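One structure is given below, encoded as structure tokens.
In my numbering, the protein residues as written are 63 to 192.
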């Protein structure tokens with residue numbers, strides 16, 4: 063949805079797992095967009111929430127896993143906020159049919175996701191995607 067055409071964009075995306083889990087993840091985004099000739103730049107915040115099934119897959123630590131890796135403690139993630147962050151994108155239109163795109167995204171895991179021993183003891187709450 064473009065509340066301000068070609069300048070401000072809002073998006074929502076809901077996905078459901080079909081193989082590893084049947085959880086649901088919702089992603090919310092808002093972007094300021096600028097067009098400069100063949101280039102398009104966008105920048106905006108991101109927010110992600112997940113239901114229990116989606117959160118369990120990525121952040122749970124079963125008791126059996128703690129026997130193999132004593133650094134981890136048993137943990138059961140709850141549904142709710144997963145991450146908050148921002149994305150910057152640049153694209154170049156070669157033609158009406160061809161476009162190159164690059165982006166950088168930063169996410170900070172929050173709430174039950176950040177509290178997981180996987181994040182606290184092995185990983186990091188700061189996620190960078192290029």
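From the three backbone atoms N, C-alpha and C, an ideal C-beta is built for every residue, glycine too.
It should be emphasised that the depicted structure is a prediction, and the values quoted were computed from it without experimental measurement.
Reduced DSSP secondary structure (H/G/I, E/B, other) of residue i
i           : result
residue 107 : strand
residue 128 : helix
residue 87  : strand
residue 184 : helix
residue 179 : helix
residue 115 : helix
residue 120 : helix
residue 174 : helix
residue 134 : coil
residue 140 : coil
residue 95  : strand
Sequence-distant residues of its chain with Cβ nearer than 7 Å to residue i (five each side left out)
i           : result
residue 174 : 117, 121, 139, 140 and 142
residue 97  : 68
Residue i classed as buried or exposed, judged by whether at least 16 other C-beta atoms fall within 10 angstroms
i           : result
residue 178 : buried
residue 171 : buried
residue 154 : exposed
residue 125 : exposed
residue 145 : buried
residue 147 : buried
Cβ shell of residue i (< 6 Å), same chain only, five flanking positions each side left out
i           : result
residue 150 : 105 and 166
residue 93  : 71, 104 and 106
Member of the options whose CA lies at the smallest distance from the CA of residue i
i           : options              : result
residue 109 : 185, 169 and 102     : 169
residue 158 : 100, 93 and 77       : 100
residue 95  : 137, 184 and 152     : 152
residue 123 : 112, 137, 129 and 77 : 137
residue 134 : 63, 160, 183 and 192 : 183
Contact belief for residue i with residue j at Cβ below 8 Å, rounded distance in angstroms
i          : j          : result
residue 76 : residue 88 : 5 Å
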